[in-house]
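Read left to right, the sequence shown gives residues 1 to 702 (full-length UniProt numbering). We treat Cβ as the ideally placed atom computed from N, Cα and C, and that holds for glycine. In what follows, a single structure is set out as C-alpha cells and then discussed.
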Amino acid sequence: MRSDDFHRLRLKRTPTRFERPERDEHDEREGLLHERGRACAPAEHMTPLLELPAQANRWLRASVNNSAVPRRHTSPVPCIGRQQRHPIALATTHYQHHPQTDNLDIYHLPAHFSVEFISGMPTRPPVQRAVEPENMARVAESPDIFCMHSERTVRTSPPLMRTLPSTTFSFAPTTRSEQGCHFETLHGLRILSNPCQDLTDLLLLFSFRMIITDQSTPLRKGTQASEDSSPPAGPPPPAYPGYQAINETHPSPPPAPAPPTLVITQRLREPAGNRFCKAFVVAILFWALFSLFVRTFVGMVSHRHGGWNNLHTSQDGDGDGPEWRWPAPAPIPTHGNEYPVKCVQGEAWTPLGLEPDHSYPPNFKAKTEFDLPITSDVLFFLSRGSLSSGAIRIEKDSRVQDKVGVSIMVHYHSRTALSRANVCLLTRGEGQNGIGIFTPDWRSSPKQSDRLTFEILVSLPFTHDSPTYIKSLETSLSLFRHSLGLLHDAYEFGSLSLLTTNSVIEVESVLAHAAHIRSTNGAIRGVFRSNESLELVTTNAYIHADVSLFNAGVNKATNLAMITTNGPISSHVNLYSNTSDSTGGSFAVKATTTNNALDVTYGAAPVDSELHFTGHSTNGPINAVLHPAFEGEFSVSTTNAQPLVHSDEKVEDPAGKGRHREFHVRSVIRRHITGDVFWDGRNSRKSSARLSTTNNVARLWL
C-alpha cells in the first residue's frame, strides 16, 4: 500500500455546551468545513462536518476533534433524548455500486455512537437511513432498504450502550421494487455521537473497497482534505465477513474482496481546568519538598561545623571569640520573703556539650546541682516566666544521706537563650528551702530557639529502717510534667502539694496526711494514701485514681475530693479504720465532673463506719458500687434517662454475725428514687449516698 493512499485531517474544535457559536471557517483549498458551536442541536438539523472523497481501494484516515453544530442553531438544547447528537460525518462523492451486497466492518465502535448511511437514486435527492449494528442481519435480508422513492425518510438509531469490538454493516444498492432501482448511489456515511459524551480526539480510520463493474464510469474525486500522510506501520485491521442479503429471486453473489473497514479509536484528554489544577498541586508539592531539602541541607552543614554563628563553636553553644561572651545576668523576680542564696547563670552552668539527636537548630545541654536539708519545714520548687518548661521527677535514692539532692539539666539552643535563665537556691522564711527557676515573661509566643527545657531530679534519702517523715513538699511549676516514684513505703509526707498547668501529674504511690494535687488541661493518675484529706483537681482531662483513706474513728472525717471538667473520673476507693478493732471511722467522698462519665467503686470499708458519698455529673453516666458495709440512705436522680438501684439481698454480713440485710425504697417520683439499706437494726452512724446527673443514666449498686 502506498503512502499516498492515506489522507489525514484534523478539526481543531472543543465544544462547550450551552454557549453561542464563536465563528465559522471554511477552507475551500482543503475542502474542510470548520464549525465551532457551543450548543446542542437536534439530529435533523445536522450537517456533515467533514466530507471526504470516496475512492475505491483507498484507505483514508481522519483525526476529528469532535463534531460541529450549524451556526443557525444558537439556542441551547438540553442534552437529553436520542435526538441531541453531534454528527461526525464522512461523506463520499457519487459513485455506483456493483449490484450486489457490500459489507462495511467497524472495529471498536465506542458507546453512545450511532451510524447513518446517506444514499439515494442518482435522479433523486439523497435519502438518509439510519442503521443500527444490532439490526444488520435484518438489513442484509432486505436489500431494498436503501432504495427509496423521492420522499425523504430519516431514521436515527439509538446510541450504542456499550463499546463493540467489531460490527459489520451490510448494504445492497439494488432493490426489488416496481420502479426498478438499479444502481444506488452511496453519498456518504455519518457517525453520530452524543454531545453529552466528552469527546476529545477521535481518530477515524476507514476504507471503502468495492467492486466496480462499469469501468466507463470512473469515480469522481473530491478535493483533498489535507496533505497525504505516511501509512500506519502495520496493515489495516482485519476485515470480517459480513452478512449477505438473502433473496429468493437473486442467487447468492460470488465471494467479494476484503470488505470495507472503519476503525475508530478514541484518545481522551482532560479539560484544561483539571490539568491546570493537577499541575498547580504538583508544583506546590515540589516547592515544599525542595524547601525542606534546602533547610535540612543547611542545618546539616551548620550542625557539622558546630553551630550557625561560628565555624568554631564551643561545647556550650556559641563561639569562643570575645563577641560571644555571656550577657549580663538577668534580674531575679523573687516575691515576698523569698531570698536567693545562690544562683546559677551564664558561665556558671556546667556544659555537657551537643546532644546526639542531630536536631536543627542544634540542641545543647548543661547541668547544675544543689542540696537541700531533709529537716526543712518546707521543701519547695517553683518556676516563673514564659520561657521555661520541662519535667520534675521525685524518687528515693539510697546513695543520698541526710539531705535532698537536686540535679537540674537544661536543654538550650544558644548562649543568648540560656543567659536569660536564673536557677537559684532560695530560702523563704525560717526553715523553708527550695529551688527557683526564673526566666523572662514574654507576652508574645517565643521562638523555638528561645525556649529552655529543664529536667529536675529530686533524690530523697532512703533508709530501710523506717519511713522518713517529710513535713512538707510543694511544687509550683507551670508547664512541668510531674512524676513521683514508689514513695509510700519509704516516706510519709505531712503535706504534699503539686501544682502545674498544661501537664500531667503521675504518681506511682505516695502517702500523705494532706495532699493537694492540681493541674489544668492535664490528667491526674496514680496511687494515693491519705489519713486526713486528698484533693485531685484538674480541668479538661481525666482522673484515674486508686485511693486509700484512713481514719482513727474521731469525729473528724477523712475527705476525698475528685473534681474535673470535660473529663471522666474512674476511681477505686478503699476505706480503713485505724482503731484497735479496725471498725468505725468517718469518711466523706465527693466526685464531680461535667460532660463525661463518673465511675466509683468501693473495694473496702470498715464495719460500723460512716460514709457520705456524693457523685455528680452533667450529660454523663454515673455508676457507683458501694461496699456491703454501707448502712444508710440513698438517693438517685437523673433527667431524660432512667435511675437504677440494684440490691443484693444474699450478700454476706461483713461483720460475720449472720445478720439479714434490709432494703427499702421509700419513694419513686418521676426520675428520682430514694430509700435506705441497713443490717437488722438501723445504724446510729447513718451514712448517705447521693447520685445525680442529667441526660444520662444513674446507677447505684448496694
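A residue is called buried when at least 16 other Cβ atoms come within 10 angstroms of its Cβ; G615 meets this threshold and is buried. Taking the Cβ atoms as the reference, E508 lies roughly 16 Å from L534, outside the contact range of under 8 Å.
The way I'd put it, the segment 634-644 doesn't touch the segment 583-596; fewer than three beta-carbon pairs between them come closer than 8 Å. Going by beta carbons, P628 and V651 fall inside the 7 Å limit. Cβ-Cβ distances below 6 Å link T592 to I563 and H616 in the same chain, with the five nearest sequence neighbours on each side left out; the list follows chain order. Partner residues in the beta bridge of W679, as assigned by DSSP, are R661. By the C-beta criterion, the segment 372-391 is judged to be in contact with the segment 445-465, since at least 3 inter-stretch pairs fall below 8 Å. Check the Cα spacing between P606 and each of F613, S398 and S586: the tightest is with S586. G346 sits buried, since 16 or more C-beta atoms from the chains shown fall within 10 Å of its C-beta.
Beta-bridge annotation (DSSP): I470 is paired with F493.
When the five nearest sequence neighbours on each side are left out, no beta carbon in the same chain lies closer than 7 Å to the beta carbon of T463.
A Cβ-Cβ separation of about 6 Å places S577 in contact with G553 under the 8 Å criterion.
About 26 Å separates the Cβ atoms of T500 and T618, ruling out a contact at the 8 Å cut-off. Going by beta carbons, A541 and G567 fall inside the 7 Å limit. For R443, there is no enclosing beta strand (DSSP E), as DSSP marks it with neither H nor E. If you check the CB distance, I408 and P461 do not come in under 7 Å. In the three-state reduction of the DSSP assignment, E347 falls in the helix class, which pools H, G and I.
The straight-line gap separating the alpha-carbon atoms of L379 and T583 is approximately 36 Å. Here the segment 476-496 makes contact with the segment 395-404; the two share three or more CB pairs at distances below 8 Å. The bridge partners DSSP lists for A279 come to none. The three-state secondary structure of L289, taken from DSSP, is helix. Under the three-state reduction of DSSP output, I284 falls in the helix class. Cβ contact annotation for A655 (same chain, cutoff 6 Å, sequence separation greater than five): V607, in chain order. Annotated as proximal: F370 and V406, with beta-carbon spacing under 7 Å. Between the C-alpha atoms of F550 and S419 there is a straight-line separation of about 48 Å. Closest in alpha carbon position to R699, among W679, Q448 and T674, is T674. Looking at the DSSP output, P271 sits in no beta bridge, so it has no partner there. The beta carbon of N433 sits closer than 8 Å to those of L372, P373, S376, V378, L379, F380, L425, L426 and T427, all from its chain and outside the five residues before and after it, given in chain order. W349 is positioned such that its CB atom lies no closer than 7 Å to that of S386.
If you look at T427, you'll find it isn't in any alpha helix (DSSP H); it sits in the beta strand (DSSP E) that goes N422 to R428.
For L700, there is no enclosing alpha helix (DSSP H); the residue is part of the beta strand (DSSP E) that begins and ends at A698 to W701. In the structure shown, D450 falls within a helical segment according to DSSP collapsed to helix, strand and coil. By the neighbour-count criterion, in which a residue is buried when 16 or more other Cβ atoms sit within 10 angstroms of its Cβ, L289 is exposed. Judged by DSSP in its simplified three-state form, F630 adopts coil rather than helix or strand.
Annotated three-state conformation of A552 is coil, per DSSP.
Assignment of alpha helix (DSSP H) within the segment 569-595, counting only whole runs of 4 or more residues, yields no such run.
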